[in-house]
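A short worksheet on the structure shown next.
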Amino acid sequence: MTDTGELTGLRALVTGGASGIGLATARLLAGRGASVAVLDLDPSGASAPLLGLKADVCDDASVREGVAEAARRLGGLDILVNNAGIGAQGTVEDNPDHQWQRVLDVNVLGMVRTSRAALPHLRNSSHAAIVNTCSIAATAGLPQRALYSASKGAVLSLTLAMAADHVREGIRVNCVNPGTADTPWVGRLLDAADDPEAERAALNARQPMGRLVSADEVAAAIVYLASPAAASVTGTALAVDGGMQGLRLRPA
Ligand code: NAD
Numbered sequence: 156m157t158d159t160g161e162l163t164g165l166r167a168l169v170t171g172g173a174s175g176i177g178l179a180t181a182r183l184l185a186g187r188g189a190s191v192a193v194l195d196l197d198p199s200g201a202s203a204p205l206l207g208l209k210a211d212v213c214d215d216a217s218v219r220e221g222v223a224e225a226a227r228r229l230g231g232l233d234i235l236v237n238n239a240g241i242g243a244q245g246t247v248e249d250n251p252d253h254q255w256q257r258v259l260d261v262n263v264l265g266m267v268r269t270s271r272a273a274l275p276h277l278r279n280s281s282h283a284a285i286v287n288t289c290s291i292a293a294t295a296g297l298p299q300r301a302l303y304s305a306s307k308g309a310v311l312s313l314t315l316a317m318a319a320d321h322v323r324e325g326i327r328v329n330c331v332n333p334g335t336a337d338t339p340w341v342g343r344l345l346d347a348a349d350d351p352e353a354e355r356a357a358l359n360a361r362q363p364m365g366r367l368v369s370a371d372e373v374a375a376a377i378v379y380l381a382s383p384a385a386a387s388v389t390g391t392a393l394a395v396d397g398g399m400q401g402l403r404l405r406p407a
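Going left to right, the sequence shown walks through residues 156 to 407 as our numbering numbers them.
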């Protein structure tokens, strides 16, 4: 990816930006010239030029402080990437209420809290954009993912509703729907298997392209949606899933 400098002068905040898709996005935004702050439970993975700030998207005071600090240090905010999220496996019978509450708190309310804190700053920008990291789970009907899918379904609806609410203010709101992306999160799931290498091979074989999506590929889509190049794009969900949802391939 070349450094085009097209985002020079823009100021971006990425939640969950110290690992995986968020870190790749933060680095790409910075590579294109933006000033970038990262809000994360553990910001140690976000090194210079990224500004790492510790915050928990489940804690409203922590989010408000983190967003205010980012806006103060960067001199305002133009781009918010709501990316922090956690996974959950199982059917509705497998997850008790407290697990539902925990995942919805991080994956949905986390985006609500960060957006609420960032909107007053975004209103002062002439290139304001929010990009939410959703998932193909929002619409795919994946087995053993009831809670995670419901949380991402809410993210998709939230994206569309926010796009409508803020379009006249010049604030664009979109989301990306990654397929299975090769991040530390997926690495942890594979490491927990009896035979991680065989599990990775089987996972790759289930993908239409025979491989996982990379974090950099998802980041490229997020950065496009955040950039002035997408000035007329709002209320969309861009799939970066190697064709998983669109191609309707049957196993050979
Ligand atoms: P990851 O675990 O590598 O990174 C997630 C980051 O979010 C971590 O740095 C973590 O510290 C941070 N985080 C978690 N809870 C937080 C909280 N309460 N407050 C602040 N930060 C918090 O995961 P990833 O795979 O890069 O996933 C990032 C996003 O992409 C998530 O929203 C996930 O649902 C979505 N997604 C991932 C995949 C995939 O296959 N990896 C597929 C579709 C969607």
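Backbone N, C-alpha and C define an ideal beta-carbon position, used for all residues, glycine too.
With the cut-off set at 8 Å, would you say residue i and residue j are in Cβ contact?
i	j	result
Thr391	Val322	no
Val258	Ala239	no
Val236	Ala381	yes
Pro111	Ser270	In the structure as shown, the chain begins at 156 and stops at 407. Residue 111 is therefore absent and cannot be evaluated.
Met364	Gly398	yes
Arg228	Leu206	yes
Ser202	Leu232	no
Val212	Val261	yes
Ser304	Ala293	yes
Val222	Ala272	yes
Ala226	Val263	no
Leu421	Trp255	Past the edges of the chain, shown from 156 to 407, lies residue 421, and the structure says nothing about it.
Glu354	Ala360	no
Gly265	Thr170	yes
Pro383	His253	no
Quick check: what's the CA-CA separation for residue i versus residue j?
i	j	result
Gly245	Gly164	44 Å
Asp350	Leu183	33 Å
Arg343	Ala216	30 Å
Ala394	Ile377	11 Å
Gly172	Val193	5 Å
Pro298	Gly160	42 Å
Ala167	Val191	5 Å
Asp158	Ala181	For Asp158, the pLDDT reaches just 49, beneath the cut-off of 50, and the residue's location in the model is therefore unreliable, although a value from the coordinates is still provided. Cα-Cα distance, rounded: 14 Å.
Gln400	Gln362	10 Å
Ala179	His276	24 Å
Glu220	Leu196	13 Å
Val368	Arg403	17 Å
Val267	Asp396	25 Å
Arg278	Leu358	43 Å
Gly230	Glu224	10 Å
Asp214	Ala375	29 Å
Arg187	Val331	19 Å
Can you look up residue i in the DSSP assignment and give me helix, strand or coil?
i	result
Thr180	helix
Pro214	Residue identity differs from the one stated: residue 214 is Asp in this sequence, not Pro. In this structure, Asp214 counts as coil in the three-state DSSP scheme.
Asp396	coil
Arg327	strand
Arg257	helix
Ala273	helix
Arg403	coil
Ser304	helix
Gly186	helix
Gly296	coil
Leu232	coil
Asn237	strand
Val341	helix
Pro204	coil
Thr170	strand
Thr314	helix
Near residue i, what residues of its chain come up, given a Cβ to Cβ distance below 6 Å and the 5 sequence neighbours on each side ignored?
i	result
Lys209	Pro198
Ala189	Leu162, Leu165, Ala167
Arg300	Ala292
Val247	Ala301
Leu345	Pro351, Glu354, Arg355
Among the residues of its own chain, which have a CB less than 8 Å from the CB of residue i, if the five just before and after it don't count?
i	result
Gly175	Ala336, Thr338, Pro339, Trp340, Ala370
Ser387	none
Asn329	Ala284, Ile285, Val286, Asn287, Thr314, Ala318, Leu380, Ala385, Val388, Thr389, Gly390, Thr391, Ala392, Leu393
Leu274	His321, Ile326
Arg366	Asn359, Gly397
Looking only at its chain, what residues have a beta carbon closer than 7 Å to the beta carbon of residue i, apart from the 5 residues adjacent to it on each side?
i	result
Ser306	Val258, Leu259, Asn262, Val263
Asp249	none
Glu372	Val395
Gly200	Ala173, Ser174, Leu178
Ile241	Val258, Val261, Asn262
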